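Following: one structure in C-alpha cells, then a few remarks.
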C-alpha cells in the first residue's frame, strides 16, 4: 500500500487528480490535499505520504520551496512528482536539484499520470526492499559483535564496536539490559515476530534488540528507569521461561552480567527477575572446570577423552558437593562453549540447545546432569561430522530444493538454516558457490521463473501472480521481473500469448 498527497492552488485540478485515476486499483490511498504551499508542508509533515504530486506555482510557498523544505527538514522524505506548464521548465530543473525526478506537463493526461505514478511506486518498493536488506545486514553486524563480546570475551575492537552500536559516549556509561529466555515451543519465525514486537515497544529508540541464539534475546542500551524496564519486560510473560532485568556500570560489567545470567539464573514461565547483585567473575566458581577443553577434544574427533573429561568433572563436583547452581552452570557453560565454536565452523545448534534447555525445568541430580552432558557431547560430535560433508549436502541440492519448495513464502536465510541445520552464513556461501548469485538474487530468480510459468499457463491477474510467488509489493515484483527477463510483466505475457 502507498499513500499520495496533492498540492495545487487550483481546486478543479485537485478534484481532477482525485478522480482521474482509480487509485485503489493501483494499491494507493489518497492521504489528503492542499491549495497552498504552507498548508501542504504542514500536512505532508503530519501525514508522511509516500508520494506528493505538487504544482510549481502556489501561494505562500511554491513547489520548489516545498520540495527543498521537505527534503531538508523531514526524516521520511516523500517522492515528488511536479506539475508544470511549458513556460515553467526552469523551475522544474531547479526542483531536480532537490531530488524531484518526475514531472507532468499541464494539461494533464490520464495515461501519463498513471504511467508516472507506477514508475514512482516501483522506486518506492525498491527503496523499501533495499532498506529491509540494510536492516538485515545491520542486525547481522549487531549479532556478530555481541556474540563475540558475550561468548568470546571481546577484545578492545569488539568493545569499541559494541559502544558504537549502543550509542553511548564511553565504555563506562551506565547500561541496562533485559534478557528474555524464550520457551522451546517458539519457532524461529515466532521468535522473529517477538523481536519485531520488542523493537516496537522499546523504552528508548537507541536500545538494541539482539538475538544471539541459545533462545535468548537481549535488549540493551543506556540506563533506563526500573519501572520502564518492567513495563517493557512484560512483553515476554506469555512466551518466555524467564525474564531478567539488570543495570550495570559499563560494557565490561554488561558482558559479565550476561554470562552470569545465562549460566546461573533460571526462573518459572513469565517470571520477571531483577538481578541486583551477581558474581563479577561471571560464571566462575571455586571448582576449576574447563568446558572449552572438552569441546576442543570433540573438534579433534576425540569423543572418548571428552567423555572421560566430563565424567572426571562430575566426580569433582560430587566430591565437593557442588551446589545445584554450579551443576547447572557447568551444563550451560558446556553449551556456551559448543555454541561459540559452532558459529566459527557453521553448525546450527538450536535443536541441541532446545532439547537441553527443556531439562532445566526438572530436578537435576548429579547422575542425570552427567548423562545429559554425555548426550550433548554425542550430539555435538555428530554435528561436527556433518559439517565435514557440507559440500555433499550442497551437491545433493538440499538447500536449492528447499528454496524451490518455499519460494512463495517470506523466506529468509534463518528459515533455510533451521531446516538444514547449517548456519545462515554458511548457507549463503553454499548458494553463492552453487548458483553464482547472492541469496536474495537467487530467490528472485526462482520466483520470477515460476511467475513466467503462471503467466504462460494461467489466466490469473499479474498482481495475483506477484503475490503467489512471494512479493508483497507488485511494483517491486515488476522491477525485479524486468531486471531478470528484460520485459515488463505485461509485455512478457503478451509475447508469450502470441507465441502460443
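Residue numbers (the numbering used here): 23 to 522.
Glycine included, every Cβ here is placed at the ideal spot set by N, Cα and C.
In this text, all values refer to a predicted model and were calculated from it rather than measured experimentally.
Status (buried if at least 16 other CB within 10 Å, exposed otherwise) for residue i
{"i": "residue 212", "result": "exposed"}
{"i": "residue 390", "result": "exposed"}
{"i": "residue 35", "result": "buried"}
{"i": "residue 169", "result": "buried"}
{"i": "residue 256", "result": "exposed"}
{"i": "residue 280", "result": "buried"}
{"i": "residue 357", "result": "buried"}
{"i": "residue 392", "result": "buried"}
{"i": "residue 184", "result": "buried"}
{"i": "residue 338", "result": "exposed"}
{"i": "residue 399", "result": "buried"}
{"i": "residue 313", "result": "buried"}
{"i": "residue 177", "result": "exposed"}
{"i": "residue 360", "result": "buried"}
{"i": "residue 469", "result": "buried"}
{"i": "residue 249", "result": "exposed"}
{"i": "residue 33", "result": "exposed"}
{"i": "residue 241", "result": "buried"}
Contacting residues, own chain, Cβ-Cβ under 7 Å from residue i (five flanking each side not counted)
{"i": "residue 331", "result": "315, 316, 319"}
{"i": "residue 71", "result": "25, 26, 27, 53, 100"}
{"i": "residue 233", "result": "165, 213, 217, 239"}
{"i": "residue 245", "result": "196, 197, 198, 269"}
{"i": "residue 67", "result": "96"}
{"i": "residue 258", "result": "202, 265"}
Backbone CA spacing between residue i and residue j [nearest angstrom]
{"i": "residue 190", "j": "residue 161", "result": "18 Å"}
{"i": "residue 97", "j": "residue 74", "result": "15 Å"}
{"i": "residue 352", "j": "residue 172", "result": "17 Å"}
{"i": "residue 418", "j": "residue 425", "result": "Because the pLDDT at residue 418 is just 47, under 50, the model does not fix this residue reliably, and the value given afterwards should be weighed accordingly. So the two alpha carbons sit approximately 13 Å from each other."}
{"i": "residue 427", "j": "residue 50", "result": "32 Å"}
{"i": "residue 131", "j": "residue 141", "result": "16 Å"}
{"i": "residue 354", "j": "residue 514", "result": "57 Å"}
{"i": "residue 45", "j": "residue 458", "result": "40 Å"}
{"i": "residue 79", "j": "residue 516", "result": "41 Å"}
{"i": "residue 433", "j": "residue 188", "result": "29 Å"}
{"i": "residue 481", "j": "residue 466", "result": "22 Å"}
{"i": "residue 192", "j": "residue 228", "result": "15 Å"}
{"i": "residue 220", "j": "residue 346", "result": "33 Å"}
{"i": "residue 493", "j": "residue 156", "result": "18 Å"}
{"i": "residue 495", "j": "residue 225", "result": "31 Å"}
{"i": "residue 272", "j": "residue 278", "result": "10 Å"}
{"i": "residue 179", "j": "residue 343", "result": "40 Å"}
{"i": "residue 251", "j": "residue 194", "result": "20 Å"}
{"i": "residue 124", "j": "residue 104", "result": "6 Å"}
{"i": "residue 82", "j": "residue 92", "result": "15 Å"}
{"i": "residue 416", "j": "residue 511", "result": "In this predicted model, residue 416 has a pLDDT of only 46, less than 50, meaning its place in the structure is not dependable; the value taken from the coordinates is given anyway. Their backbone Cα atoms lie some 32 Å apart in a straight line."}
{"i": "residue 158", "j": "residue 208", "result": "21 Å"}
Residue i CB to nearest heavy atom of the ligand GTP below 7 Å
{"i": "residue 453", "result": "In terms of ligand content, the structure shown is empty, and the ligand GTP therefore cannot be addressed."}
Member of the options whose CA lies at the smallest distance from the CA of residue i
{"i": "residue 243", "options": "186, 501, 154", "result": "186"}
{"i": "residue 266", "options": "494, 169, 232, 203", "result": "203"}
{"i": "residue 126", "options": "496, 46, 184, 39", "result": "39"}
{"i": "residue 41", "options": "136, 61, 493", "result": "136"}
{"i": "residue 102", "options": "82, 62, 129, 478", "result": "62"}
{"i": "residue 325", "options": "230, 210, 403, 387", "result": "403"}
{"i": "residue 340", "options": "361, 360, 387, 329", "result": "387"}
{"i": "residue 284", "options": "237, 455, 299, 247", "result": "237"}
{"i": "residue 293", "options": "275, 261, 286", "result": "261"}
{"i": "residue 138", "options": "254, 423, 48", "result": "48"}
{"i": "residue 333", "options": "394, 274, 321, 299", "result": "394"}
{"i": "residue 322", "options": "503, 492, 363, 345", "result": "363"}
{"i": "residue 520", "options": "490, 477, 258", "result": "477"}
{"i": "residue 107", "options": "94, 128, 123", "result": "128"}
{"i": "residue 328", "options": "401, 159, 32", "result": "401"}
{"i": "residue 430", "options": "456, 488, 422", "result": "488"}
{"i": "residue 456", "options": "475, 441, 423", "result": "423"}
{"i": "residue 85", "options": "58, 444, 397", "result": "58"}
{"i": "residue 275", "options": "287, 511, 250, 299", "result": "299"}
{"i": "residue 437", "options": "210, 282, 230, 153", "result": "210"}
{"i": "residue 444", "options": "508, 473, 504, 405", "result": "405"}
Chain-order list of residues whose beta-carbon lies under 8 Å from that of residue i (same chain, five-residue window excluded)
{"i": "residue 501", "result": "144, 147, 148"}
{"i": "residue 450", "result": "435, 460, 461"}
Same chain, Cβ closer than 6 Å to residue i, five either side skipped, listed in chain order
{"i": "residue 263", "result": "203, 205, 291"}
{"i": "residue 307", "result": "The predicted model places residue 307 with a pLDDT of 41, which falls under 50 and marks its position as unreliable; any figure quoted below should be read in that light. Answer for residue 307: 348, listed in chain order."}
{"i": "residue 453", "result": "461, 464"}
{"i": "residue 56", "result": "29, 62, 65"}
{"i": "residue 296", "result": "267"}
{"i": "residue 16", "result": "The displayed coordinates of the chain run from 23 to 522. Any statement about residue 16 would go beyond what the structure contains."}
### Task
Taking only runs that begin and end inside the stretch 448 to 495, name each unbroken alpha helix (DSSP H) of 4 or more residues, in chain order.
461 to 479, 484 to 490
### Message
As an exercise, report each continuous alpha helix (DSSP H) stretch of at least 4 residues that is fully enclosed by the stretch 154 to 241, in chain order.
### Response
178 to 187, 210 to 222
### Message
Which complete alpha helix (DSSP H) runs does the stretch 57 to 116 hold, if anything under 4 residues is left out?
### Response
59 to 69, 85 to 95
### Query
Quick one: complete alpha helix (DSSP H) runs, 4+ long, within the stretch 275 to 354?
313 to 321, 325 to 341
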